[in-house]
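Asks:
Protein chains: 2
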Amino acid sequence: MGDQSPSPLNLVVVGGVAGGMSFAARARRLSESASITVFEKGPFVGYANCGIPYALGGIIQSDEALILQTPDSIKARYNVDIRHSTEVIAIDRENKTVEYKTQGQEAKSMKYDKLILAQGADAFRPPISGSNAPNVFTLQTIPDMTAIKSYVAAHCSKSVAVIGGGFIGLEAAESLHALGMKVSIVEYMPHVFPPVDQDIAEPIHAEIRRNNVDLHLNARVKEIVAPIEAEGTGNGSSHVLLESGEKVPGDIILLVVGVRPRITLAKTAGLEISRFGIVTNAQMQSTTDPDIYAVGDMAETTNSITLLPQNLALAGPANRQGRLAADHIFGRDVSYRGNVGTSVCQIFGINVGLVGPSITSLHSQSPNLDPEYVTVHPPNHAAYYPGATPLTLKLAFSKRNGNILGAQIIGKAGVDKRIDVLATAIQARMTVYDLEHLELAYAPPFGSAKDPVNMAGFVASNVLRGDTEIIHPEDLTPEILDQYQVIDVRSPGEFARGYVRGAKLAPLNELRGRLGDLDREKKVLVYCQVGYRGYLGYRILKQEGFKVVNLDGGFKAVSQGGFGLLVG
Amino acid sequence: MGDQSPSPLNLVVVGGVAGGMSFAARARRLSESASITVFEKGPFVGYANCGIPYALGGIIQSDEALILQTPDSIKARYNVDIRHSTEVIAIDRENKTVEYKTQGQEAKSMKYDKLILAQGADAFRPPISGSNAPNVFTLQTIPDMTAIKSYVAAHCSKSVAVIGGGFIGLEAAESLHALGMKVSIVEYMPHVFPPVDQDIAEPIHAEIRRNNVDLHLNARVKEIVAPIEAEGTGNGSSHVLLESGEKVPGDIILLVVGVRPRITLAKTAGLEISRFGIVTNAQMQSTTDPDIYAVGDMAETTNSITLLPQNLALAGPANRQGRLAADHIFGRDVSYRGNVGTSVCQIFGINVGLVGPSITSLHSQSPNLDPEYVTVHPPNHAAYYPGATPLTLKLAFSKRNGNILGAQIIGKAGVDKRIDVLATAIQARMTVYDLEHLELAYAPPFGSAKDPVNMAGFVASNVLRGDTEIIHPEDLTPEILDQYQVIDVRSPGEFARGYVRGAKLAPLNELRGRLGDLDREKKVLVYCQVGYRGYLGYRILKQEGFKVVNLDGGFKAVSQGGFGLLVG
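Chains as they are written, first to last, in the numbering used here: chain A, 2 to 569; chain B, 2 to 569.
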C-alpha cells in the first residue's frame with residue numbers, strides 16, 4: 002500500500018475543477034507522501050460548473066452552494082497545495098518544470114515528476130462583429146455568472162438573446178426566463194440540442210415556444226448591435242442582427258456556442274494535439290510525453306460505439322479520467338474505456354436524454370455499423386396509474402448483429418432512467434435481443450410490466466428477425482408515399498384528428514373483415530398512432546399475402562416529429 | 002412467416018391475465034390460422050392486477066381503468082376465443098383434451114395441441130381461527146377488491162388490520178390510509194418487505210409510523226376475533242388477537258401473507274411440481290409433458306444469480322414467459338434466462354428497490370458465492386440542486402470475482418433508476434469494477450458526476466483491491482467493538498448528535514496532526530457519517546502503519562439501520 006519511494010513524487014496539476022481535483026484527491030488517497038500541487042487560473046477550485054446555468058437564474062439560490070471546496074478545506078483534508086488565481090504559462094519538458102505566475106507576482110517555476118493537464122475548455126467566441134460589447138457574455142465560470150448577474154442588476158436588463166441552443170444555452174434560457182426576463186434563443190442549425198435528431202428536437206421547440214421564449218432556428222448571426230448609448234439604459238435597442246435582417250432584442254446577449262479545449266499550453270510544449278484535444282493513450286498519457294497526462298474536456302477521447310475520436314465536455318468522464326490517471330501513476334493496471342456520450346437535459350417541462358450518436362450522425366459518420374432504428378412512444382409508467390405521461394424513444398442498433406448503437410428519449414418524466422439503463426446496456430455490449438429479456442423493476446408508479454426499454458427491444462428484435470418491416474417518416478418522400486396504398490388502422494375518432502396523406506381508414510378490429518377492399522397488387526403502408534396496432538395490422542396483412550410495411554412510430558412520429566408534409 | 006400447416010394448431014390457455022394473455026397475443030401475431038382459446042375462471046381477463054391495491058383506496062380512481070381488455074375487444078383484435086367465468090377442471094393428457102365448466106352449465110371438453118397453464122397463484126389463507134369471518138378479505142383479484150369496497154361502504158368500516166407486510170400489504174395499507182381509515186399492519190417477521198435486509202427495512206418502519214399507521218413486528222397471530230354481533234356495526238370490537246395478548250383492532254381484516262401457485266389442476270394431471278411451482282425447462286415446457294407449458298406465478302423459475310429455484314410472482318416475468326412459450330411453439334429458438342428478482346415498491350414517501358437476494362439470504366443460501374457488500378448514502382442528484390434527498394444503497398458482490406450479486410436501495414426519489422441500472426448490470430454479468438467505469442447521464446436535476454451507482458462501484462472495488470478494509474455494523478458485537486479504538490472523524494457538531502459507543506472525536510481535517518494521540522498497538526475502527534471521510538481516514542492511518550478498518554456506511558448506517566446497541 003502507498004508510496005514507499007525515498008524521495009516523494011512531485012505531482013503537478015494544471016486546473017482545479019472536475020478532472021484535476023479528482024486526480025488530486027485520488028492521488029492523495031493512494032499516497033500520503035506525494036507532493037501534490039494544483040494550479041488554478043481562476044479564483045475558485047473544485048466548484049460545480051454544471052450548476053452555473055441554474056445559479057444564474059436563482060434556481061440554485063446561493064452561489065456559494067456551487068463552491069464545494071476551498072483551498073483551505075482541500076489543504077486540510079487532502080494535504081494538497083492549491084495555487085488559485087495562478088496560471089501555468091509554460092512547460093519545460095526537458096527539465097520537467099512548469100513556469101507559473103500568480104496575479105501580481107513574478108513568474109516562478111516548479112519541478113514535476115508527473116504533470117496532469119486538466120485545464121478544461123474555453124467558451125468559444127466566434128468572430129462576430131460586436132461580440133466584445135460590454136453586454137455580451139459567455140457562461141462557463143463562476144466569474145462569468147457573477148458578471149452577468151451584476152450587469153443585469155445594475156442595468157435592470159429585461160431581455161436576453163441567447164446565441165446557441167445547446168445544453169448550456171437551453172439551461173441558461175430556462176434559468177433567465179425563471180427570473181422574468183424576455184428570452185430569445187438564436188440557433189444556427191435547424192434544431193436545438195445538436196446531438197439529437199431533428200424529430201426528437203421538434204417537441205423541445207414546441208415546449209420552448211409554449212413557454213413564450215422566442216426561438217430562431219437556421220439563424221445566421223450577422224452582427225451584435227450594442228450601441229454605446231444603449232449601454233446601461235436597458236432601452237431595448239441592443240440586439241442580435243440576423244442575416245435574414247431580423248433583429249433579436251437582448252439587453253444582454255449570451256454567447257454559448259460550445260467550447261474549445263484549452264490547448265495553448267500543451268501546443269507550445271509540443272504535445273500531439275488533434276482537433277478534438279490533446280491526444281492520449283488509454284492511460285490518459287500524452288502520446289508525446291508519458292510523464293504528462295491530460296484529462297477532461299481538453300483531452301481527445303474515443304467514442305466506444307463508433308470508435309471515432311471526439312471531444313466530450315462532460316463532468317463524469319472528466320472525473321473518471323482524473324481518478325484513472327492517479328491510479329496509473331501509482332502502478333495500477335487501468336485503461337480508459339472511451340465514452341458513449343450519455344447525457345440528459347431538462348428544458349422547462351421536458352427532459353431529453355441521449356446516449357451514443359444520433360441517427361443522423363450514425364448515417365453520416367458510421368455507415369459501416371449498418372445502423373437502423375425503431376421509434377416507440379410508451380407511457381413512463383402504467384397508463385392506469387395517475388400521472389402517466391408519454392415518452393418517445395428512438396433506439397439505434399446495428400442490422401448486422403443487433404448491437405445497440407444509441408438511444409434518444411424525450412418526455413416529461415422517466416427519461417433519465419431509461420437513458421441510464423440503455424447506456425449501461427451499451428457499455429455491457431448488449432444487443433436488442435437482450436433488451437427483450439431485461440428484467441426491470443415494475444410497480445404501477447414507476448414503470449410497466451413491459452418497460453419502455455423492453456418495448457423498444459421487442460420492436461427492434463422484430464425488425465431484425467423479419468417479423469415486421471418498417472419505414473421511417475423521414476424516408477417517406479412524396480414519391481415513395483405514392484407507391485403505397487396507405488391504411489390507417491386507428492379508430493375513426495383518431496383518424497378525424499389527422500392522418501397520413503392519402504390514407505384510408507380500416508380500424509384494426511375490422512381489418513380481417515375488410516381485406517377484400519384492398520388492392521392485392523399494390524404495396525400496403527399500414528400505420529396507427531404509435532406503432533403497435535400498425536404492427537398487428539402488418540402481421541395480419543403479411544400472413545394474408547400482402548406486401549406491407551408498418552410506419553415506424555406511427556402517426557405520432559409524423560405529427561410530433563415535424564413531418565407536416567406527410568399529413569393529409 | 003406464419004403457420005402454413007394444413008390443420009390449424011389448437012392452442013388452449015388456462016388463465017387470462019398476464020402470462021396467458023401475453024401468450025395469446027403473441028401466438029396470434031405469429032399465426033393467423035391457429036385456433037386460440039383462453040379459459041379464465043374469473044369474470045375478467047387481461048386486467049392489471051398490480052393496480053388493485055391502488056384502486057382499493059381510490060389512488061386509481063376508476064376500477065374500469067384496471068380492465069385493459071374485454072372478451073369482445075380481444076376477440077375483435079386478436080381473434081382469440083375468451084371463455085371467462087369458466088374453469089378448467091381436468092386435463093386428459095393422453096387424449097390431449099381439457100374438461101371445462103362454465104358457471105351454470107354442464108362440463109364440456111376441448112381438444113388441444115398445446116396447452117398453456119397460466120393460472121397464477123392464490124392468495125394464501127393461513128389456518129387462522131376466525132379467518133373465514135365475513136369481514137376478513139384477501140386482495141388479489143378485482144372481485145376481492147370489489148368485495149372489500151362494498152363491505153367498507155355498507156358497514157362504514159373505519160379501521161383495518163392488514164396481516165402481512167409484504168408488497169401488497171404495504172400498498173394496500175397506504176391505499177386504505179389514504180381513504181382515511183385507521184390502519185394497523187401485523188407482520189410475523191422482524192421487518193416488513195421480507196425480500197430486503199433488516200437495516201433497509203428500518204427506515205420503512207419509521208416512515209410507516211410517521212404516517213400514523215400502527216406497526217406490529219414479530220407479531221404472531223393467535224386468532225381473528227370477529228364476533229357475529231359486531232358484524233356490520235363497525236363498533237370496533239373486531240380485532241386480531243396476537244399471541245402476546247395484544248389486540249389489533251380492525252373493522253375489516255386483510256389477509257395478505259403471500260401467494261401459492263395454483264397447482265391443483267397440474268398435480269391431478271401428474272405434472273412434476275416442486276414447492277416453487279410447476280417444473281419446466283428453459284422453453285417453459287413441463288418437464289413431464291412437452292405439450293404443456295407453464296408460465297407466470299405458477300411456474301418454478303431459476304434465480305439467475307444464485308441458480309437456485311424460486312417462485313416469483315411478478316408481472317414482467319409472467320409476460321415474458323408467455324411470449325416466449327408462443328415463440329417456442331412456433332419454432333423459434335428461445336430460452337428463458339431465469340430471473341434476478343428486480344422489484345420496487347412505494348410506501349408513503351419512501352421508495353424501496355431490490356434486485357437479487359438480500360445479504361441475509363446470500364449468507365444463508367449462497368455462501369458458495371463468497372458474498373460481501375458495501376453501503377453508500379449518496380444524494381439522488383447533485384446536492385447543490387434544490388430537492389436533493391439521500392439514498393441508501395447496499396451493493397452485494399462476490400469477493401471471488403467482483404460479480405454483482407444484488408442491490409437494495411431506499412430513498413425518496415431516484416431509487417427505481419438505480420435499481421434498473423444495477424439490474425441491467427447484473428443481467429449483463431458486469432462486475433463492480435465495471436460500475437466504476439459506467440458512464441451515466443448527469444445534469445444537476447438528475448444525478449451527480451459520480452452517480453450513486455459509480456460510488457457503490459468505487460467502494461466495492463476499493464474493498465476488493467484491498468484499498469480499504471471495512472466492517473459492517475451488523476458484525477459489530479459488543480465484544481468485537483471492544484477490540485478497537487474507535488475514532489470518529491466527523492465534525493464536533495455531528496459527534497454531539499450521537500456517536501458509536503466508546504468513540505473518540507478526531508475530525509478528519511485534524512487527523513494527520515493527531516496521530517500521536519492514538520495507540521499504535523490497538524486496532525482502529527474509523528468512521529464518519531456516511532463512509533467517505535472514514536475511508537480518507539483509513540487511507541491516512543493505514544499508510545501511517547496503523548491496523549485499521551472503516552465502518553461500512555458510517556454512523557448513518559448505525560443510526561438508521563436499527564443498530565441502537567452500538568450508539569454511545
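Just so you know, even glycine gets a beta-carbon here, dropped at the ideal spot from N, CA and C.
Who are the neighbours of Arg513 of chain B on chain A, taking C-beta pairs under 7 Å?
Replies: If you number the second sequence from 1, residue 513 of chain B lands on position 512. Within chain A, the residues near Arg513 of chain B are Asn80.
Asks: Of all Cβ atoms in chain B, is any one closer than 8 Å to the Cβ of Ile37 of chain A?
Replies: Here residue 37 of chain A corresponds to residue number 36 of the first sequence, with the count starting at 1. Not one chain B Cβ lies under 8 Å of Ile37 of chain A.
Asks: For Gly467 of chain B, I'd like the list of residues in its chain whose CB is within less than 6 Å of its CB, leaving aside the five on either flank, ordered along the chain.
Replies: Your numbering for residue 467 of chain B matches position 466 in the second sequence. Correct list: empty, nothing qualifies.
Asks: Start and end of the alpha helix (DSSP H) containing Lys42 of chain A?
Replies: For the purposes of this step, residue 42 of chain A is taken as the residue at position 41 of the first sequence. For Lys42 of chain A, there is no enclosing alpha helix (DSSP H), as DSSP gives it neither H nor E.
Asks: In chain B, what lies closer than 7 Å to Thr343 of chain A by C-beta?
Replies: By 1-based counting over the first sequence, the position of residue 343 of chain A is 342. Within chain B, the residues near Thr343 of chain A are Glu440, Leu441, Ala442.
Asks: I'd like to check one pair, Tyr79 of chain A with Val13 of chain A: are the Cβ atoms closer than 8 Å?
Replies: In the first sequence, counting from the first residue as 1, residue 13 of chain A sits at position 12. In the first sequence, counting from the first residue as 1, residue 79 of chain A sits at position 78. Taking 8 Å as the Cβ cut-off, Val13 of chain A and Tyr79 of chain A do not qualify as a contacting pair.
Asks: Between Tyr533 of chain A and chain B, is the shortest Cβ-Cβ distance under 8 Å, so that the two count as touching?
Replies: Along the first sequence, read from residue 1 onward, the residue named residue 533 of chain A stands at position 532. No, its Cβ sits nowhere closer than 8 Å to a Cβ of chain B.
Asks: Any contact of the region 78-94 of chain A with the region 241-260 of chain A, i.e. 3+ C-beta pairs under 8 Å?
Replies: no
Asks: Compile a chain-ordered list of the residues in the region 412-441 of chain B whose CB is closer than 7 Å to at least one CB of chain A.
Replies: Asp417, Lys418, Ile420, Asp421, Val422, Ala424, Thr425, Ala426, Gln428, Ala429, Met431, His438, Leu439, Glu440, Leu441
Asks: Given 8 Å as the limit, is there contact between the region 187-203 of chain B and the region 99-106 of chain B, that is, 3 or more CB pairs closer than that?
Replies: no
Asks: Note down, in chain order, each residue of its chain lying with its Cβ closer than 6 Å to the Cβ of Glu1 of chain B, except the 5 sequence neighbours on either side.
Replies: Lying before the first or after the last residue shown, residue 1 of chain B is absent from chain B, which here runs from 2 to 569.
Asks: Name, please, each residue of chain B whose Cβ falls closer than 8 Å to the Cβ of Cys346 of chain A.
Replies: Numbered from its first residue, the first sequence carries residue 346 of chain A at position 345. In chain order: Ala444.
Asks: My guess is that Val18 of chain B and Gly121 of chain B are in contact by the Cβ rule of under 8 Å, so how many angstroms apart are they, rounded?
Replies: To locate residue 18 of chain B, count along the second sequence from 1; it is residue 17. To locate residue 121 of chain B, count along the second sequence from 1; it is residue 120. The pair is a contact, with the Cβ atoms about 6 Å apart (cut-off 8 Å).
Asks: Taking 8 Å as the threshold (beta carbon to beta carbon), is Gly317 of chain B in contact with chain A?
Replies: Numbered from 1 along the second sequence, position 316 holds the residue referred to as residue 317 of chain B. It does: the Cβ of Gly317 of chain B has a partner Cβ on chain A nearer than 8 Å.
Asks: Quick one: using the 10 Å Cβ neighbour count with 16 as the cut-off for buried, is Ala108 of chain B buried or exposed?
Replies: As a first step, residue 108 of chain B must be located in the second sequence, where it is residue number 107. With fewer than 16 Cβ atoms within 10 Å of its Cβ, Ala108 of chain B is classed as exposed.
Asks: Whole angstroms are fine: how far does the CA of Asn96 of chain A sit from the CA of Val335 of chain A?
Replies: On the first sequence, position 334 is the one that residue 335 of chain A refers to. On the first sequence, position 95 is the one that residue 96 of chain A refers to. So the two alpha carbons sit approximately 28 Å from each other.
Asks: Just the C-alpha distance for Tyr443 of chain B and Cys51 of chain A, rounded to the nearest angstrom, thanks.
Replies: Locating residue 443 of chain B in the second sequence gives position 442, where the first residue counts as 1. Locating residue 51 of chain A in the first sequence gives position 50, where the first residue counts as 1. The straight-line gap from Cα to Cα measures roughly 9 Å.
Asks: Could you tell me which of A:Ser344, A:Gly412, A:Leu177 sits nearest to Gly59 of chain A, measuring between CA atoms?
Replies: For the purposes of this step, residue 59 of chain A is taken as the residue at position 58 of the first sequence. Checked all of A:Ser344, A:Gly412, A:Leu177; the closest Cα to Gly59 of chain A is A:Leu177.
Asks: Closer than 7 Å between beta carbons: that is the criterion. Which residues of the region 116-142 of chain B meet it against chain A?
Replies: none
Asks: Listed in chain order, which residues of the region 362-390 of chain A have Cβ atoms closer than 8 Å to some Cβ of chain B?
Replies: Ala383, Tyr385, Tyr386, Pro387
Asks: What is the residue span of the beta strand (DSSP E) that Ser160 of chain B lies within?
Replies: Position 159 of the second sequence, counted from the start, is the residue given in the question as residue 160 of chain B. Counted as a single uninterrupted DSSP element, the beta strand (DSSP E) harbouring Ser160 of chain B occupies residues 160-164.
Asks: What would DSSP say about Glu470 of chain A, mapped onto helix, strand or coil?
Replies: Stepping through the first sequence from its first residue, residue 470 of chain A is reached at position 469. Three-state result, Glu470 of chain A: coil.
Asks: Spell out the partners DSSP gives Gly407 of chain A in its beta bridges.
Replies: Locating residue 407 of chain A in the first sequence gives position 406, where the first residue counts as 1. Bridge partners of Gly407 of chain A: A:Ala397.
Asks: Which residue comes first and which comes last in the beta strand (DSSP E) that contains Gln486 of chain A?
Replies: In the first sequence, counting from the first residue as 1, residue 486 of chain A sits at position 485. Taken as a continuous stretch (DSSP letters only), the beta strand (DSSP E) holding Gln486 of chain A covers 485-489.
Asks: Please classify Leu566 of chain B as buried or exposed, where buried requires at least 16 other C-beta atoms within 10 Å of its C-beta.
Replies: Translated into the one-based positions of the second sequence, residue 566 of chain B becomes position 565. Exposed, because fewer than 16 other Cβ atoms sit within 10 Å of the Cβ of Leu566 of chain B.
Asks: For the region 42-71 of chain A, which residues have a beta carbon sitting closer than 8 Å to at least one beta carbon of chain B?
Replies: Ala49, Cys51, Gly52, Tyr55, Ile60, Ile61, Gln62, Ala66, Leu67, Leu69
Asks: CB-CB under 7 Å to Gly403 of chain A, same chain, minus the five flanking residues each way: which ones, in chain order?
Replies: To locate residue 403 of chain A, count along the first sequence from 1; it is residue 402. Thr432, Val433, Tyr434, Leu465, listed in sequence order.
Asks: Taking only runs of the beta strand (DSSP E) that begin and end inside the region 283-337 of chain A, which ones reach a length of at least 3 residues, in chain order?
Replies: 293-295, 301-303, 310-312
Asks: What residue from A:Leu441, A:Val460, A:Glu475 has the CA that sits closest to Thr469 of chain A's CA?
Replies: Indexing the first sequence from 1 puts residue 469 of chain A at position 468. Ranking A:Leu441, A:Val460, A:Glu475 by CA distance to the CA of Thr469 of chain A puts A:Val460 first.
Asks: Could I get the ranges of all uninterrupted alpha helix (DSSP H) runs contained in the region 176-211 of chain A, with 4 residues as the minimum, in chain order?
Replies: The DSSP assignment places 199-211 as complete runs of the alpha helix (DSSP H) inside the region 176-211 of chain A, in order along the chain (cut-off: 4 residues).
Asks: Any chance you could list the alpha helix (DSSP H) runs of at least 4 consecutive residues sitting entirely within the region 515-553 of chain A, in chain order?
Replies: 533-544
Asks: Taking the alpha-carbon of Tyr73 of chain B as reference, which of B:Val416, B:Val46, B:Leu482 has the nearest alpha-carbon?
Replies: Your numbering for residue 73 of chain B matches position 72 in the second sequence. Here the sequence assigns Asp to residue 73 of chain B, which means Tyr is not the residue at that position. Minimum Cα distance to Asp73 of chain B is reached at B:Val46.
Asks: From Leu392 of chain A to Ser359 of chain A, what does the alpha carbon distance come to, in whole angstroms?
Replies: On the first sequence, residue 392 of chain A is found 391 positions in, with the first residue counted as 1. On the first sequence, residue 359 of chain A is found 358 positions in, with the first residue counted as 1. One C-alpha to the other measures close to 17 Å.
Asks: Check Val15 of chain B in the structure and name its three-state DSSP category.
Replies: Within the second sequence, numbered from 1, the residue matching residue 15 of chain B stands at position 14. Here Val15 of chain B sits in strand by DSSP.
Asks: Just tell me which of A:Ile411, A:Leu315, A:Ser238, A:Ser365 has its CA closest to the CA of Thr376 of chain A.
Replies: Within the first sequence, numbered from 1, the residue matching residue 376 of chain A stands at position 375. Ranking the options by Cα distance to Thr376 of chain A, first place goes to A:Ile411.
Asks: Closer than 9 Å, Cβ to any Cβ of chain B: which residues of the region 5-24 of chain A, in chain order?
Replies: Ala19, Ser23
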